[in-house]
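*Asks:* Mind looking over this structure? Questions follow.
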Amino acid sequence: MGRPLIQAFFATRRVEVPFRTYAIAQWTVLSTYALNAIAEMTDIAAQNGHVGVFRQNR
């Protein structure tokens, strides 16, 4: 009995890949989205004059 496979859908065709490979790819995509969101929020805060995003103003 081999490793479980999952059907992954790409733009051109459907293929079967190992579940672990699919899970790693999904995690990578979600991590990239999260990092982009953090960078976007930091950029917006800096544009609004809140340069010290992680510091409290005294």
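All residue numbers for the sequence shown refer to this note's numbering, where the first residue is 32 and numbers rise by one. Glycine included, C-beta positions come from ideal geometry on N, C-alpha and C. Note that the coordinates shown come from a computational prediction; the quantities given were computed from them, not determined experimentally.
Under 8 Å between the Cβ atoms of residue 50 and residue 69?
*Replies:* Contact: no.
*Asks:* Could you have a look at residue 44 and say whether DSSP puts it in helix, strand or coil?
*Replies:* Looking at residue 44 - three-state DSSP - the assignment turns out to be coil, as it is neither helix nor strand.
*Asks:* Taking just the CA atoms, how far does residue 34 sit from residue 45?
*Replies:* C-alpha separation (whole angstroms): 18 Å.
*Asks:* Go to residue 67, then tell me how far its alpha helix (DSSP H) extends in each direction, as first and last residue.
*Replies:* Residue 67 -> alpha helix (DSSP H) spans 50-78.
*Asks:* Is the beta carbon of residue 48 sitting closer than 8 Å to the one on residue 39?
*Replies:* Result yes, Cβ atoms of residue 48 and residue 39 sit closer than 8 Å.
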